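Have a look at the structure below, then the notes.
Residue numbers (the numbering used here): 64 to 275.
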């Protein structure tokens, strides 16, 4: 569950619950890599105010062997991790939060558990009250417009997400029988004409890529 009570300060709150955790130490991590980026990234440097509890809210013992890792013990099958993550870079690799939107590259935002990579995950977004923010993502739809599902960690990590009052455009390639629908979500301060022009450029790129 992700919420944005500190959006004006570029903060996002994460609340992750792992259930069915086997006995013993469980390694919770921040990633150091991201799909399509061929370099190491210190995503954990932007994580703070980490609180690890059991299902009843009691604090659990945590060891910190390195910057990227939290080793949790003493649980009874459920581990809940709450934290805040700072983001001020709209570059597609990190995280960008302000009072107009949140652009989330998952590896820069998500704390995950080693050994649970094949488990499905459910994500719920809680936009700030009164903003009208929506969610644009390739994550699979859930039971409501703010809840989504990923079949495994790899799919989740490769699903960048925009949360804002964005403008949505949809197009198909006219010369391609059975063309899928392409969705373009634009967070912007421009005009409708600007959005149409940008969407047209995206359409050209998609069409030309078929011949590469």
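Ideal Cβ positions, reconstructed from N, Cα and C, are used throughout, including at glycine. All values derive from a computational prediction rather than experimental measurement.
Exposed or buried, what is residue i when buried is set at 16 or more other beta-carbons lying within 10 Å of its beta-carbon?
i	result
residue 190	buried
residue 103	exposed
residue 273	exposed
residue 260	exposed
residue 246	exposed
residue 172	buried
Out of the options, point me to the one whose CA is closest to residue i's CA.
i	options	result
residue 169	80, 195, 213, 262	213
residue 98	225, 243, 218	218
residue 101	253, 113, 156	156
Which of the three DSSP states, helix, strand or coil, is assigned to residue i?
i	result
residue 146	strand
residue 58	Look at the range of the chain in this structure, 64 to 275, and you will see that residue 58 is not part of it.
residue 257	helix
residue 189	strand
residue 111	strand
residue 97	strand
residue 67	coil
residue 183	coil
residue 269	helix
residue 103	coil
residue 203	strand
Would you kindly work out how many angstroms separate the C-alpha atoms of residue i and residue j, rounded to a whole number?
i	j	result
residue 198	residue 122	32 Å
residue 119	residue 266	51 Å
residue 331	residue 242	What is shown of the chain runs 64 to 275, which leaves residue 331 out entirely.
residue 136	residue 203	32 Å
residue 251	residue 87	48 Å
residue 229	residue 222	17 Å
residue 264	residue 127	47 Å
residue 129	residue 205	35 Å
residue 79	residue 262	35 Å
residue 89	residue 81	10 Å
residue 148	residue 237	43 Å
residue 93	residue 240	43 Å
Does the ligand HEM have even one heavy atom less than 7 Å from the beta-carbon of residue i?
i	result
residue 138	The model depicted lacks the ligand HEM and carries no ligand whatsoever.
Runs of 3 residues minimum, wholly inside the region 121 to 172: which ones carry the beta strand (DSSP E) assignment?
125 to 129, 132 to 135, 141 to 149, 158 to 161, 164 to 167
What are the start and end residues of each continuous alpha helix (DSSP H) run of 4 or more residues lying completely inside the region 218 to 260, in chain order?
none
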